[in-house]
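J.: Quick one: this structure, given as structure tokens, is what I'll be asking you about.
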Amino acid sequence: VFVEKILRAQPNVKKLYLLLRAKDTESATERLHNEIIGKDLFRLLKEKMGTSFDSFVSEKLNVVPGDISQEDLNLKDSILGKEICNQTDVIVNLAATTKFDERYDVALGINTLGAKHVLSFGKKCVKLKVLVHVSTG
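Numbering-wise, the sequence shown is residues 16 to 152 according to the numbering used here.
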């Protein structure tokens with residue numbers, strides 16, 4: 016919902032880096048298409064953009080395979096990590112497990128350590144103006 020709203024309401028946004036839990040860029044891109052832009056939620060934006068939707072999305076969205084439960088967000092590509100740190104001015108952390116019966120180690124890794132790792136990464140971002148953390152509880 017958040018990504019669609021930003022793209023539709025703020026089409027002049029330069030770029031959105033989407034950290035998706037995935038082993039590589041190909042898997043992250045597949046998740047982007049299957050779980051995000053392939054959903055009916057993007058219908059309005061697709062209708063508005065018409066045939067330029069795919070190129071618009073390619074220009075605006077940059078998928079990044081990683082994992083917030085790991086140090087340095089488990090970014091494998093250090094050059095991309097530096098690029099993100101040098102260009103990012105807003106970080107929004109929406110990552111969480113919302114299962115109330117989740118295993119403790121999984122919930123701790125994502126909901127607690129994940130927030131800590133995002134904050135640590137944000138401290139390296141030279142242009143960062145705001146970091147927003149969204150939580151269920």
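For glycine and all other residues, C-beta sits at the position ideal for the given N, C-alpha and C.
(1) Kindly indicate the opening and closing residues of the alpha helix (DSSP H) around residue 95.
(2) Helix, strand or coil for residue 118 per DSSP?
(3) Mapping the DSSP letters down to three states, classify residue 53 as helix, strand or coil.
(4) Note down, in chain order, each residue of its chain lying with its Cβ closer than 7 Å to the Cβ of residue 104, except the 5 sequence neighbours on either side.
(5) Between 23, 137, 126, which has its C-alpha nearest residue 68's C-alpha?
(6) Along the chain, where does the alpha helix (DSSP H) that runs through residue 137 open and close?
(7) Contact check, residue 35 vs residue 80 under 8 Å by CB: the rounded distance?
(8) Take residue 25 as the anchor and find which of 60, 96, 47, 78 has the nearest alpha-carbon.
(9) Are the CB atoms of residue 72 and residue 33 within a distance shorter than 7 Å?
(10) Would you mind sorting residue 82 into buried or exposed? The rule is 16 or more other CB atoms within 10 Å of its CB.
(11) Look at residue 88 and residue 149 and say whether their C-beta atoms are less than 7 Å apart.
(12) By the DSSP assignment, the beta strand (DSSP E) with residue 21 in it spans what residues?
T.: On the basis of the coordinates in this document:
(1) Indexing the sequence shown from 1 puts residue 95 at position 80. Here the alpha helix (DSSP H) through residue 95 covers 93-102.
(2) Numbered from its first residue, the sequence shown carries residue 118 at position 103. In the three-state scheme derived from DSSP, where H, G and I count as helix and E and B as strand, residue 118 is classed as coil.
(3) Counting from one through the sequence shown, the residue named residue 53 turns up at place 38. In the structure shown, residue 53 sits in coil (DSSP, three-state: anything other than H, G, I, E or B).
(4) Sequence index remark: in the sequence shown, residue 104 carries index 89 (1-based). If we look at residue 104 and ignore the five residues flanking it on each side, its Cβ neighbours are 142, 143, 144.
(5) Counted from its first residue, the sequence shown places residue 68 at position 53. The shortest Cα separation from residue 68 among 23, 137, 126 belongs to 23.
(6) Counting from 1 along the sequence shown, the entry for residue 137 is found at position 122. 129-138 is the span of the alpha helix (DSSP H), which, as asked, contains residue 137.
(7) Locating residue 35 in the sequence shown gives position 20, where the first residue counts as 1. Locating residue 80 in the sequence shown gives position 65, where the first residue counts as 1. Contact holds; Cβ gap of about 6 Å.
(8) Here residue 25 is taken as the residue at index 10 of the sequence shown, counted from 1. The shortest Cα separation from residue 25 among 60, 96, 47, 78 belongs to 60.
(9) Translated into positions along the sequence shown, residue 33 becomes position 18. Translated into positions along the sequence shown, residue 72 becomes position 57. No. Outside cutoff.
(10) Counting from one through the sequence shown, the residue named residue 82 turns up at place 67. Result: buried.
(11) What you label residue 88 is simply residue 73 of the sequence shown in a count that begins at 1. What you label residue 149 is simply residue 134 of the sequence shown in a count that begins at 1. The answer is no: Cβ separation not under 7 Å.
(12) The count along the sequence shown starts at 1 and reaches residue 21 at position 6. No beta strand (DSSP E) holds residue 21; the alpha helix (DSSP H) holding it covers 17-24.
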